[in-house]
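Residue numbers (this note's numbering): 95 to 403.
Beta carbons: idealized from backbone N, C-alpha and C, even for Gly.
This report concerns only the one structure given below.
Here's what the structure looks like:
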């Protein structure tokens, strides 16, 4: 279908995180206390993992691993095949015993791993073995959000404590840019490393390196919240335009190309493109997950001469 909408749990759950596996078949969706693994093409929940008390999670782009931060430290699970994941135990390995990990991510290439710790107020960059420390970035009080640029050249950190977004140069360890963003400061780098989108209580598009602001032509004014995702081919930018709808921009033509609306309103907190760019996933309040099949939408638009390519 072009669009599907799923309920993934108790309606008090605010789904504020989503990540795709490297092959795009599986997505991990969650909040601070639950993670749900979903077979996206089949629109089917593979496994619910309640009471993990998870603060952050990510897939290893090189291996069948899901990493997550829990109250007992940083863990990783070999998820294996979908069939084994549904029926068997999840193989658990505790990587770091320290507590307080609030955000984790691999670099796009998979050779760097970054973890933010709320107790030490810093973000740490490791090689992919997770044993060799490459850089320590901070301080950033209460750091609980992060984004990693290609090559891990820059690391963006956000804090719901001080409401600031900061960008660090990994090689020098120095802060290059900072901006007050709002209640939930977060960021996303484009796959080519050219753009940084800063979002939370506001939305800003910045050119990396110069950190100059560029204005997008929003048809209905600037977004209220602005959760953001870049497509893997750097062509599209998806921005939550008014808490509930998603505006798609063509960054090559510098113009809006589509507005994605849903049958019922639920505030969107996070967006993610699948690795092949054909699907856009949105996680919402009241435990709602929404997925658009952009390839089918484009085929329909192409039939009437309105495809954005």
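Three or more C-beta pairs below 8 Å linking the segment 246 to 263 and the segment 163 to 171: no
Boundaries of the beta strand (DSSP E) in which residue 167 is found, first to last residue: Indexing the chain shown from 1 puts residue 167 at position 73. Its beta strand (DSSP E) spans residues 167 to 172.
So which of 224, 167 and 247 has the shortest CA-CA distance to residue 212? Here the question's residue 212 lines up with position 118 in the chain shown. Nearest option by C-alpha distance: 167.
Any idea what DSSP makes of residue 391, helix, strand or coil? By one-based count along the chain shown, residue 391 stands at place 297. DSSP places residue 391 in helix when its eight states are reduced to three.
Return helix, strand or coil for residue 38, following the three-state DSSP convention. Summary: the structure shown does not reach residue 38, with the chain confined to residues 95 through 403, and so no result is reported for it.
Where the beta strand (DSSP E) through residue 362 begins and ends: Along the chain shown, read from residue 1 onward, the residue named residue 362 stands at position 268. Run containing residue 362: 362 to 367, per the beta strand (DSSP E) assignment.
By DSSP, does residue 144 sit in helix, in strand, or in coil? Here residue 144 refers to the residue found at position 50 of the chain shown. Three-state result, residue 144: strand.
With C-beta atoms as the reference, is residue 240 less than 9 Å away from residue 199? Within the chain shown, the letter at position 146 stands for residue 240. Within the chain shown, the letter at position 105 stands for residue 199. Yes, the pair counts as a contact, with Cβ atoms nearer than the cut-off.
If you drop the 5 nearest sequence neighbours on each side, which residues of the same chain put their C-beta closer than 6 Å to that of residue 398? As a working mapping, residue 398 is identified with position 304 in the chain shown. Annotation note: pLDDT 44 at residue 398 (below 50); position unreliable, coordinate value reported separately. Once the five neighbours on either side are set aside, residue 398 has no close Cβ partner at all.
Tell me the rounded alpha-carbon separation between residue 334 and residue 244. Taking the first residue of the chain shown as 1, we reach residue 334 at position 240. Taking the first residue of the chain shown as 1, we reach residue 244 at position 150. Each residue's Cα considered, the two are about 24 Å apart.
Nearest to residue 133 by alpha carbon, out of 119, 203 and 263? For the purposes of this step, residue 133 is taken as residue 39 along the chain shown, with counting starting at 1. For residue 133, the nearest C-alpha among the options comes from 119.
Following the continuous beta strand (DSSP E) through residue 125, name the residue where it begins and the one where it ends. Stepping through the chain shown from its first residue, residue 125 is reached at position 31. Here residue 125 belongs to no beta strand (DSSP E), and DSSP marks it neither H nor E.
Residue from 216, 102, 313 and 322 whose Cα sits closest to the Cα of residue 352: On the chain shown, position 258 is the one that residue 352 refers to. For residue 352, the nearest C-alpha among the options comes from 313.
Is it true that the segment 341 to 359 meets the segment 228 to 237, where meeting means three or more beta-carbon pairs spaced less than 8 Å apart? no
Nonlocal neighbours in the same chain, by C-beta distance under 8 Å from residue 300, ignoring five residues either side: The residue you call residue 300 lines up with position 206 of the chain shown. Within the same chain, residue 300 has close Cβ partners 271, 289, 290, 291, 292, 306, 307 and 308.
Among 378, 195 and 203, which one has its Cα closest to the Cα of residue 209? Looking up residue 209 in the chain shown gives position 115. Nearest C-alpha to residue 209: 195.
To which residues of the same chain is residue 404 closer than 8 Å at the C-beta, ignoring the five residues directly before and after it? Outside the displayed span of the chain (95 to 403) sits residue 404, for which this structure offers no information.
When you compare each of 273, 155, 296 and 278 to residue 117 by their alpha carbons, which one comes out closest? Here residue 117 corresponds to residue number 23 of the chain shown, with the count starting at 1. With distances taken between Cα atoms, residue 117 lies closest to 155.
From the DSSP output, which residues share a beta bridge with residue 268? Your numbering for residue 268 matches position 174 in the chain shown. The partner list for residue 268 (beta bridge, DSSP) is empty, contrary to what the question assumes.
Inter-residue spacing [alpha-carbon to alpha-carbon] between residue 348 and residue 322: Indexing the chain shown from 1 puts residue 348 at position 254. Indexing the chain shown from 1 puts residue 322 at position 228. About 16 Å.
So, with DSSP's three-state summary, where would you put residue 344? Within the chain shown, residue 344 is the residue found at index 250, counting from 1. Here residue 344 sits in strand by DSSP.
If we define contact as Cβ-Cβ less than 9 Å, is residue 211 a contact residue for chain B? Absence of chain B from the displayed structure is noted, only one protein chain being present.
Under the rule that 16 or more other beta-carbon atoms within 10 Å means buried, what is residue 96, buried or exposed? For this step, residue 96 is matched to residue 2 along the chain shown. With fewer than 16 other Cβ atoms within 10 Å, it is exposed.
Return the chain-ordered list of same chain residues with a C-beta closer than 7 Å to the C-beta of residue 98, the five sequence neighbours on each side being excluded. Along the chain shown, one-based indexing puts residue 98 at 4. Excluding residues within five positions, the ones whose Cβ falls inside 7 Å are 137 and 385.
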